[in-house]
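A.B. asks:
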Amino acid sequence: MPELIAKTALEGQSLTVGTSTLAEADVGRITSVAVFPGGAKAVAKGLKTLGLTMPEPNSLVERKGARLVWTGREQAFLMGVDCPELEGAAVTDQTDGWTVLTLTGAGAVDVLARLVPMDLRLPAFPVGRAVRTQLNHMNVVILRLGEHAFEIMGFRSMARTAWHELEAAMQMLAARNGTKF
Amino acid sequence: MRIDGKGLIDRTKPVRFRFDGKDYAGYKGDTLASALLANDVRLVGRSFKYHRPRGVLTAGSEEPNALVEVVGPTNQTPNVRATMQEVFEGLVAQSQNRLGSLRFDLLAVNDYLAPFLSAGFYYKTFMWPRAFWEGLYEPLIRRAAGLGSLSGKHDEGTYEKAFAFCDVLVIGSGPSGLMAALTAGRAGADVILCEESHALGGRLLSDGGTIGDQPAGEWVASVVAELQALPNVRIMARTTVTGAYDHGTYGALERVGLHKPARPNLPRECFWRIVAKHAVLAAGALERPVAFENNDRPGIMMASAVRTYLNRYGVVPGKRVTLFANTDQARGVARELMAAGVTVAAIIDPRPDASSVEDCPVHVGAEVVGSRGRLGLSGIQVRKGAEIIEIETDCLAMSGGWNPTIHLTCHMNGRPRWSEDLAAFVPMEGAVPGLVAVGAANGSFSTHGALVTGHAAGLKAVEALGRKVSVPVPEAEDMPYRLKALWAVDGKGRAWLDFANDVTTKDVKLAAQEGFRSVEHMKRYTTQGMAPDQGKNSNVAALAVLADATGRGIAETGGTTFRPPYTPVSIAAMGAGGRAEGFAPQRFLTSDQASRDWGAPMIEAGLWYRPSFFPKPGEATWRESCDREVNLVRQAVGVADVSTLGKIDIQGKDAGRFLDFVYTNTFSTLPVGRVRYGLMLREDGLVLDDGTSARLGDDHYLMTTTTAAAGLVMRHLDFVHQAFCADWQVRFISVTESWAQFAVAGPKARALVNSFLEVPVDLPFMGVAPVRIGGVDGRLFRISFSGEEGYELAVPTRYGEALFRDLVARAETMGGGPYGMEALNVLRIEKGFITHAEIHGRVTAHDIGMEKMVSAKKDCIGKAAATRPGMWGPEREQLVGLKASAPISAGAHLFVPGTEVHRETDQGYVTSVCWSPTVGAWLGLGFLKDGRARLGEKVRLVDHLRGLDVICEVCNPVFHDPEGEKLRA
């Protein structure tokens, strides 16, 4: 039996319009870590090997390419590394379920303002924050990794819709150039 | 007529545009209204009901008359206010609501029929004969009704939606708004300043004057420059705040591209949702007309509009202007016109004690009682005591005082307060939490009052935000506002209140006379305030006339409710991006491209797109393909993508206990490596969903749900967990998107599956095992939804497309191939398996013959409710199979042969049907009263919609392999 060919939802495409760039990202392995009642200590011990701690709600912690992102009550996604042996938590592979898009550039925050009903400007949503929110009609996790750098995690099956909506927002914003008061 | 040296238009940039097929020239900065007036075009539209000639009345968004259609490459937009539409090179507009040309509108005959067309005309006239309604009256009324026309095509223009957040939202950029924005902006607060017009400054741009030691225009420019330089201030011009909603949310419509030629991707409009901690309503005030006989001729305008056209656009709408006004403020326009060299024929002031010292004739204690001029004003009649004076004039500027723009303060049900001093409604404080009305919007009509109240509101917001600032308030005029309320001049003829909907003072009096004395009833009877301007020009005057007619005071009469939006908002803007496929996200399978490559038509299943069937050359209908695919599964092997089924990974020491609680049957006893079918009830005892759950480890299960209920079940599990057993050792998460899963079914299924596995496995029926496929870890389930020996092979999603293409290729070599949703449906009906067509939310476990699956040994969600009387028994409709030799339909109803067909004799209904190539008959699943006791009986199936009337045999729902030998093979 020959090896199966692996494909991402968007085959790594990228697009620059105006001052923002959209691209499908490869963030490596994604593992859901859901802490059982009373499991917090054991989980903390298991995460020590990565130098990570469970993140506060609506935030993420990062160390040496490993990232732990809050995604719900007593739940976080470990990204970029294989999950170590963890006592005290349910561990579920989520790698293939998500398509991760990076949106970067000076216009990124204005693009997101077209689709996300949240204040994502820097003072309200600083670097290191992560939220579960909506991208138009879709559930997403949005991570802020830099002043002009976001990651948007959406369901893999909806990747084309997410791409389309972001692209449309980018193009409408770029077409406005010079039309602001 | 254009006046040299006046106005804020850019005379270096001429613009050509077209109106009603004729080319005109204007300048950048003109509105369509100002440019038409500059070209001496006074007649711009016809009125709604009487088709009276109409001209521009105002210079703002409240315009009731000058509504035009703008024709662009993607859109034909009706009811565009010419007073708001900026001219641009190539703009094409046309007048509306006419039959024939604008000058000779054939429907103007309505005006001569006016004595018959008073308020309530429709209600009284079209009552009889009844038969005439559909054939004659309705088409006639529909032809005559409505204002603009639509293209009848989809709106393919580009629209945008967006969200914004701020500390302080300032609505309006007149003196009060600029002062509030400056105060909050200098304090460092996050400010959004919205201005409806394309230029900031509000009335300061029209009325001039001085602020501090600067001319008003210079002060505006300096404040705007400072605000623009502040990084914490965002200025949104051409943006109308249209509604105030809960929690400090405001709707706003921005005209992004409507003032320039269309270009790709440039939104026409953007609908904003702005969330503000504090809001300052600085929307100014609207000048109100006076009702007198024939006060609607082109050339009769609001005094403030004449002033705006003069000072902002350098346009005078006439050569001999008259002024009819009851305030001192309005006199300014006459003086400015004279200073610009325009003749002012007379000032008519109804106040007997008003000053008569002006550089033109002044008639104090006088009223305009009539006008003449067919397509435009040529003269007026003035009554002064017993004397009637004829005055020749082609432009009458009128003013009956001002109404504060209080609309937004009423959007959350706040009622305004009547001020006797101002003879106007003013906002109630706190009517919208967090919103403060200032300046003219709050009844402070002087520039000084505007600056002071704007500053105070800005300061209040700044302090609430914990900031500090000191901003001096510049000096400005503080003229007292002194008027004699004048709503309507006594007279016999028709005097217009609501220009847009053709409502006269007579109509309001008639309403009162006929018993519609409440302001809400009067509004509906006369349609006053129900036109595109929503009564901005007429509400207060109409209720004043009503108050007079019913012998009550205005405060006692009260007003109607202002609701959002303040100005019309296009549905296209509110639903931006949502047209056609934009309506909902699209979900695509990994096999999507492969299925399309093979010519499969895709159908929507929820948000998913799934292949219906895979046509082969020579197959003319879907049935031919479907029958072949069914046979191929029954005789060889078929492959179908079933990744859309919901998959939920459940872990923890209490995972089995949790499943026992949500399923009717027991899962804690399921051995590792085995799969069990499970039934789930809602709390009310009706069936929620069915599916299989596999035990992957001691504390590890994988639940599958139907495609339709995947989200519903996840939500249900979350609710049960959080509400009833939050402390249990159980955690679960959706893995629907993580796995691509393919059904492989048929006598050759095992051979096909094993050809893919590194180590072949011999799974028992309802077994599960980890497998390796081409170096990839996967899972193999032996389950069947077809009645054949069936497997489901799951791999991480990224390998889905490859596995599907490889599976199909091998299946074809073995005499099989892919099968689509149609064949999948036939296969399951033949086997009597249910889907959400059967478990549609009104059936119980008993109805579908699964009452034995509700374990007696344990409790579960829905169990108690399922034992209520009426939830089980022979009186209920029970699942049966139906067999017929003629086509039958889902949705048909069942009757006892020989009885009458009506509601009372209904015995049940059909949920799923198919032609079964296996059985060689039409098969159906349906629900029949006491059905399980009636196997072998005949029933009559009737479908009035499709004209079917067929005798069917009632059968066991399992037609194919009832012993289950094949799937256990």
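For the protein sequence lines, the chains are A and B, in the order given.
Numbers in the numbering used here are just positions in the first sequence, counted from 1, shifted up by 19.
Numbers in the numbering used here are just positions in the second sequence, counted from 1, shifted up by 455.
For glycine and all other residues, C-beta sits at the position ideal for the given N, C-alpha and C.
Compare the C-beta of residue 112 of chain A against all C-beta atoms of chain B and say whether one is closer than 8 Å.
C.D. replies: yes
A.B. asks: Indicate the three-state DSSP secondary structure (helix, strand or coil) for residue 459 of chain B in the structure shown.
C.D. replies: coil
A.B. asks: Would you say residue 1207 of chain B and residue 1223 of chain B are within 8 Å of each other, going by their C-beta atoms?
C.D. replies: no
A.B. asks: Enumerated in chain order, which unbroken segments of the beta strand (DSSP E) with a length of 3 residues or greater are wholly contained in the segment 1112-1199 of chain B?
C.D. replies: 1130-1136, 1142-1152, 1155-1160 and 1186-1189
A.B. asks: Are at least three pairs of beta-carbons, each pair with one atom in the segment 948-957 of chain B and one in the segment 497-505 of chain B, less than 8 Å apart?
C.D. replies: yes
A.B. asks: By Cβ distance below 6 Å, which residues in the same chain neighbour residue 1294 of chain B in space, the five residues on each side in sequence not counted?
C.D. replies: 1142
A.B. asks: Specify, as a first and last residue, the run of the alpha helix (DSSP H) that residue 1026 of chain B falls within.
C.D. replies: Residue range 1026-1029 is occupied by the alpha helix (DSSP H) that includes residue 1026 of chain B.
A.B. asks: Give the straight-line distance between the Cα atoms of residue 1153 of chain B and residue 1108 of chain B, rounded to the nearest whole angstrom.
C.D. replies: 8 Å
A.B. asks: Among B:467, B:919 and B:1094, which has the Cα closest to the Cα of residue 1245 of chain B?
C.D. replies: B:1094
A.B. asks: Indicate whether at least one CB of chain B lies closer than 8 Å to the CB of residue 76 of chain A.
C.D. replies: no
A.B. asks: Do we get a CB-CB distance below 8 Å when we pair residue 1254 of chain B with the residues of chain A?
C.D. replies: yes
A.B. asks: Less than 7 Å between C-beta atoms, sequence neighbours within five positions excluded: which residues of the same chain meet that for residue 1376 of chain B?
C.D. replies: 1338, 1339 and 1340
A.B. asks: Could you work out which residue in B:1051, B:586, B:501 and B:577 is closest to residue 561 of chain B when comparing CA atoms only?
C.D. replies: Nearest of B:1051, B:586, B:501 and B:577 to residue 561 of chain B, Cα basis: B:501.
A.B. asks: For chain B, find out if any of its Cβ atoms is closer than 8 Å to the Cβ of residue 23 of chain A; answer yes or no.
C.D. replies: yes
A.B. asks: Examine the Cβ distances between the segment 716-731 of chain B and the segment 616-631 of chain B and report whether three or more of them are shorter than 8 Å.
C.D. replies: yes
A.B. asks: Pull up the distance between the alpha-carbon of residue 1335 of chain B and that of residue 1396 of chain B, whole angstroms please.
C.D. replies: 13 Å
A.B. asks: With a threshold of 8 Å between beta-carbons, can residue 1065 of chain B be considered close to chain A, or not?
C.D. replies: no
A.B. asks: Using C-beta distances below 7 Å, list every residue in its chain close to residue 76 of chain A, excluding the 5 sequence neighbours before and after it, in chain order.
C.D. replies: 89
A.B. asks: What first and last residue would you give for the alpha helix (DSSP H) that runs through residue 1077 of chain B?
C.D. replies: 1077-1090
A.B. asks: Below 8 Å on the Cβ atoms is my guess for residue 621 of chain B versus residue 707 of chain B; work out the distance and round it to an integer in Å.
C.D. replies: Not quite, the Cβ-Cβ distance comes to about 12 Å (not below 8 Å), so this is no contact.
A.B. asks: Within 10 angstroms of the Cβ of residue 1421 of chain B, are there 16 or more other Cβ atoms? Answer buried if so, exposed if not.
C.D. replies: buried
A.B. asks: Checking contacts by CB at 8 Å: is residue 125 of chain A closer than that to chain B?
C.D. replies: no
A.B. asks: What did DSSP end up calling residue 968 of chain B once you bin it into helix, strand or coil?
C.D. replies: helix
A.B. asks: My guess is that residue 1227 of chain B and residue 1248 of chain B are in contact by the Cβ rule of under 8 Å, so how many angstroms apart are they, rounded?
C.D. replies: No, residue 1227 of chain B and residue 1248 of chain B are not in contact; Cβ-Cβ is about 12 Å, not under 8 Å.
A.B. asks: Using a threshold of 8 Å, state whether the C-beta atoms of residue 909 of chain B and residue 737 of chain B are closer than that.
C.D. replies: yes
A.B. asks: Using Cβ-Cβ distances below 8 Å, what residues of the segment 591-617 of chain B are close to chain A?
C.D. replies: Within the segment 591-617 of chain B, the residues whose Cβ lies closer than 8 Å to some Cβ of chain A are 613, 615, 616 and 617, listed in chain order.
A.B. asks: Starting from residue 1259 of chain B, trace the alpha helix (DSSP H) both ways and give me its first and last residue.
C.D. replies: 1255-1268
A.B. asks: Out of B:1327, B:1381, B:1404 and B:1284, point me to the one whose CA is closest to residue 1413 of chain B's CA.
C.D. replies: B:1284
A.B. asks: What distance in whole Å lies between the Cβ atoms of residue 691 of chain B and residue 906 of chain B, which are believed to be in contact at a cut-off of 8 Å?
C.D. replies: That pair is no contact at about 22 Å.
A.B. asks: Less than 8 Å between the beta carbons of residue 914 of chain B and residue 699 of chain B, yes or no?
C.D. replies: no
A.B. asks: Which residues, in chain order, does the segment 1257-1275 of chain B contribute to contact with chain A at a C-beta distance below 8 Å?
C.D. replies: 1257, 1258 and 1261
A.B. asks: Excluding sequence positions up to five away, which residues of its chain have a Cβ less than 8 Å from the Cβ of residue 198 of chain A?
C.D. replies: For residue 198 of chain A, the pLDDT reaches just 40, beneath the cut-off of 50, and the residue's location in the model is therefore unreliable, leaving the point undetermined.
A.B. asks: DSSP three-state label for residue 182 of chain A, please.
C.D. replies: helix
A.B. asks: Contact defined as beta carbons within less than 8 Å: I believe residue 890 of chain B pairs with residue 1049 of chain B. What is the distance between those atoms, to the nearest angstrom?
C.D. replies: Contact flag wrong, Cβ pair sits at about 57 Å.
A.B. asks: Suppose you measure from the CA of residue 1044 of chain B to the CA of residue 1277 of chain B; what does that come to, to the nearest Å?
C.D. replies: 17 Å
A.B. asks: Of all the residues that make up the segment 143-177 of chain A, which are near chain B by a beta-carbon distance shorter than 8 Å?
C.D. replies: 143, 155, 156, 157, 174, 175, 176 and 177
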